[in-house]
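Residue numbers (our numbering): 81 to 287.
1) Ends of the alpha helix (DSSP H) at residue 151?
2) Quick test of your reading: residue 145 and residue 122, contact by CB under 8 Å. State the CB separation rounded to the nearest angstrom.
3) Taking the alpha helix (DSSP H) that residue 118 belongs to, which residues open and close that run?
4) Taking the alpha-carbon of residue 206 as reference, which of 286, 164, 140, 285 has the nearest alpha-carbon?
5) Can you list, in chain order, the residues of its chain with a C-beta nearer than 8 Å to that of residue 233? Leave out the 5 residues immediately preceding and following it.
6) Within a Cβ cutoff of 6 Å, which residues of the same chain sit near residue 261, ignoring the five residues on either side of it in sequence?
7) Along the chain, where does the alpha helix (DSSP H) containing residue 136 start, and where does it finish?
8) Does DSSP put residue 277 in a helix, a strand or coil?
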């Protein structure tokens with residue numbers, strides 16, 4: 081039997097390679113625009129072949145949306161962890177959101193680090209990337225619905241509403257920060273908005 085340690089090393093090396101490829105691509109896209117850079121140019125900048133790049137990222141859009149990959153099942157993981165502690169799904173998700181806002185987690189949209197704002201401008205200013213985000217959101221809904229459990233249709237409807245609420249709240253924060261609003265003001269309003277949104281979800285969902 082082969083030891084697990086080398087496998088762990090291989091997985092970490094693959095993760096580092098994926099991160100390096102994504103970082104190289106995003107740097108080029110920020111400089112010249114998403115449509116102004118070819119996959120071949122990304123591969124050349126990262127010093128890999130195009131076939132190698134496509135083994136890690138099947139589509140050009142994935143080079144940018146790679147940063148969303150770790151968050152695709154985040155809501156589902158929060159629900160499962162909360163349930164293990166006896167916390168209702170919506171209560172667990174609400175607490176997780178408030179914690180993210182407090183930490184200025186970029187996924188909440190409440191982060192004014194210049195590099196993060198530049199990434200958001202690239203993302204929301206590129207139609208092809210906005211279209212590709214839909215796939216990530218759909219997969220997030222699917223895995224969240226499985227975590228919620230119960231009647232499959234009710235779970236899918238609930239997951240769709242929860243994912244939409246989180247997206248709208250994050251987009252509002254991003255839009256205000258890019259418009260130049262102070263992060264302290266946006267942060268206060270984000271907490272109020274989160275409370276309103278989850279109150280509405282609790283009134284309409286059996287979770």
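Positions of the beta carbon are idealized from the N, C-alpha and C atoms, including for glycine. For clarity, every value in this text was computed on a predicted model and none was experimentally measured.
Let me lay it out:
1) Counting from 1 along the chain shown, the entry for residue 151 is found at position 71. No alpha helix (DSSP H) contains residue 151, which DSSP labels as neither H nor E.
2) Counting from 1 along the chain shown, the entry for residue 145 is found at position 65. Counting from 1 along the chain shown, the entry for residue 122 is found at position 42. Actually they do not touch by this definition, with Cβ atoms about 14 Å apart.
3) Taking the chain shown and counting its residues from 1, the one referred to as residue 118 is at position 38. Element bounds for residue 118: n/a, residue is neither H nor E.
4) On the chain shown, position 126 is the one that residue 206 refers to. For the residues 286, 164, 140, 285, the minimum Cα distance to residue 206 belongs to 140.
5) The residue labelled residue 233 in the question sits at position 153 within the chain shown. Counting only Cβ-Cβ distances below 8 Å, and skipping sequence neighbours, we find nothing.
6) Position 181 of the chain shown, counted from the first residue, corresponds to residue 261. For residue 261, where only same-chain residues beyond five positions count, there are no Cβ hits under 6 Å.
7) Translated into positions along the chain shown, residue 136 becomes position 56. Residues 130 to 136.
8) Here residue 277 corresponds to residue number 197 of the chain shown, with the count starting at 1. If DSSP states are grouped into helix, strand and coil, residue 277 belongs with the helices.
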